[in-house]
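Residue numbers (UniProt numbering): 1 to 612.
Encoded as structure tokens, the structure appears first; notes follow it.
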């Protein structure tokens, strides 16, 4: 129970068609009827075998673009995406297991961008909507700079301004500005006008996702292959694609709560996190996922070609919030920031060690030469960061990699773990607790779920009473207004709505130097505004994050669980608590919190020989 493979692996391993990969990334084969429908067929076949899709459509010509073959004009991307939308509805993942899912990526210079932003909205002409697809922006730094400077932004058609999707960084900027100076753009508008259209769509639908093209390309071990054009359905996979290569990734997630060796309690007992075991598990998972590549069933030839050439894998985590709670570390504390960073450094070290060991036995992956790793630059080097924990012998590992190479081009990719976290009883991925009490609907009915760590603590302290329970329900899972509870408990069990989003982004940025792909990163704003969203997006961009936002989560006005509270009893309970503790007073009961010890073997020789 230290880790679990991803849902498609659990579904399909051991079957006649063992398609065990989670993520597939495609780009349009060509901007033509043949290219579009060949791509559509590939999406359908992949979806049939339970794959989630990321699709780059930057190269598809915009509406009113000239078609030489028929002497007509294009209808643009919207009618095409409605066809993909219906395909996703028709071809479910593995025959009724779950609906097909496609995330469509578009760069903001595309002339159809405004229509693209409306595709998932709840109102408007039905013929202009495709609500079963998911939408994402692949954003160059130049657009963010123009928005920040309140400059102009030119929309272009890829048929009239070719090559923009195939370059990034300074090369993209030079080509884009050349097209602008030559007057080849379709329309010029204020960059902030497009920006606020993006924010309006996010407030209404929670999308489009925000990924930063230049960060994804400049800090990738695939940078020598060409320009990466999209991510996947869940925004954590960043791999190179080509018309004849569909990127693939096999996933697994580590249960961090299992690495808490001694859970801190309020008697002063110290909690520990076993980093040596975490490294060992990361190595086991790397070997497992590498084996999946060879034993996998590939839906289309392009997927096998890509996976065999580059051999990427994606190791994620689940239960980060559980580990913090077990160690009595508030999510927004310096101790949490350090543990977060140390966990991902350890996972990356273990994964690199195992991949180097595999390369020593089987040879490096086919496209290793020319990669940043082949030149001695690992992910943290691309971020200009030096590991400071002193826990692992990175110099020794780099020497081994220089000698033997790596078997896998990419290794770490924290995914959402929406399904598998339920199997292992953890909170999802790296996210804070959404609520300490909520209802979950399943086929068997509706159940009340209580944060198990909080329940255990309140029970041990004799504070789990009907009165406390009712007030937690009334406050939608928050314990901040339950006056009987000690301040230390309130700090540990803040919900995501009570933690500044800047803290979430800081934690994401701190672990990023050890994440060679990207990470699913939800943003939670109870009442989103353009000002809040703009501040948050620019903060993420300036931090250098590859994924700036997966979903924007907003809070409903009311939760179903609130309607189960006896209102008369609630008023009585609140009145009594206020009289006993004072309206704004906290329980001053002393709760000892001892900083966690960080367990790791001190044998330097083992660090030097970790791949053996």
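Just so it is clear, CB atoms sit at the ideal spot from N, CA and C, and this is done for glycine as well.
- Counting C-beta atoms within 10 angstroms of its own C-beta, residue 17 has fewer than 16 neighbours from the protein chains shown and is therefore classed as exposed.
- A direct Cα-Cα distance of roughly 9 Å separates residue 357 from residue 363.
- The beta carbon of residue 449 lies closer than 6 Å to those of 438 and 440 in the same chain, with the five residues before and after it left out.
- In this structure, the beta-carbon distance from residue 229 to residue 50 does not fall below 8 Å.
- Per the DSSP secondary-structure output, residue 187 pairs in a beta bridge with 155.
- Within 10 angstroms of the beta-carbon of residue 83 lie fewer than 16 other beta-carbons, which makes it exposed.
- Within the DSSP secondary-structure output, residue 439 pairs in a beta bridge with 448.
- Contact check for residue 512 against residue 383 passes: the beta carbons are separated by less than 8 Å.
- The alpha-carbon of residue 251 is positioned some 38 Å away from that of residue 75.
- Under the DSSP definition of a beta bridge, residue 138 partners with 211.
- Residue 257 holds the alpha-carbon nearest to the alpha-carbon of residue 427 among 526, 257, 365 and 303.
- By a beta-carbon distance limit of 8 Å, residue 347 does not contact residue 373. Their separation comes to about 16 Å.
- For residue 547, there is no enclosing alpha helix (DSSP H); the residue is found in the beta strand (DSSP E) stretching over 547 to 549.
- By the Cβ criterion, the segment 495 to 505 is not in contact with the segment 282 to 298, since fewer than three pairs of Cβ atoms, one from each stretch, lie closer than 8 Å.
- Ranked by how close their Cα comes to the Cα of residue 169, the residues 15, 317 and 218 have 218 in first place.
- With a cut-off of 8 Å on Cβ pairs, the segment 413 to 430 is not in contact with the segment 327 to 336, counting fewer than three such pairs.
- The alpha carbon of residue 109 has as its nearest neighbour, out of 259, 12, 140 and 8, the alpha carbon of 140.
- Approximately 25 Å separates the beta-carbon atoms of residue 211 and residue 178; this is outside 8 Å, ruling out the contact.
- Under the DSSP assignment, residue 260 falls in the beta strand (DSSP E) whose first and last residues are 260 to 262.
- Closest in C-alpha terms to residue 507, from the list 487, 539 and 530, comes 539.
- Assigned with DSSP and collapsed to three states, residue 290 falls in helix.
- Within the same chain, 259 and 346 come within 6 Å of residue 278 by CB-CB distance, once the 5 residues on both sides are set aside.
- Annotated three-state conformation of residue 274 is strand, per DSSP.
- Measuring C-alpha to C-alpha distances from residue 232 to each of 407, 186, 314 and 469 identifies 314 as the nearest.
- Shown here, residue 178 sits in a helix according to DSSP, grouped into three states.
- Comparing alpha carbon positions, the residue from 398, 340, 53 and 321 closest to residue 354 is 398.
- Here the C-alpha atom of residue 206 lies approximately 30 Å from the C-alpha atom of residue 3.
- Shown here for residue 341: same chain residues with a beta carbon closer than 7 Å to its own, the five before and five after excluded, namely 510 and 511 in chain order.
- Note on residue 417: 16 or more other CB atoms within 10 angstroms of its CB, so buried under the neighbour-count rule.
- Per DSSP, reduced to three states, the secondary structure at residue 413 is coil, with no helix or strand assignment.
- Leaving aside the five residues that flank residue 321 on each side, the residues in its chain whose CB is nearer than 6 Å to its CB run, in chain order, 427, 432 and 433.
- Residue 146 carries a helical assignment under DSSP once its states are collapsed to helix, strand and coil.
- Per DSSP, residue 423 is one residue of the alpha helix (DSSP H) stretching across 420 to 424.
- Rounded to the nearest whole angstrom, the CA to CA distance from residue 204 to residue 501 is 19 Å.
- Contact between residue 25 and residue 366 is absent: CB atoms are separated by about 18 Å, not below the 8 Å threshold.
- The alpha carbon of residue 130 has as its nearest neighbour, out of 107, 81, 174 and 61, the alpha carbon of 81.
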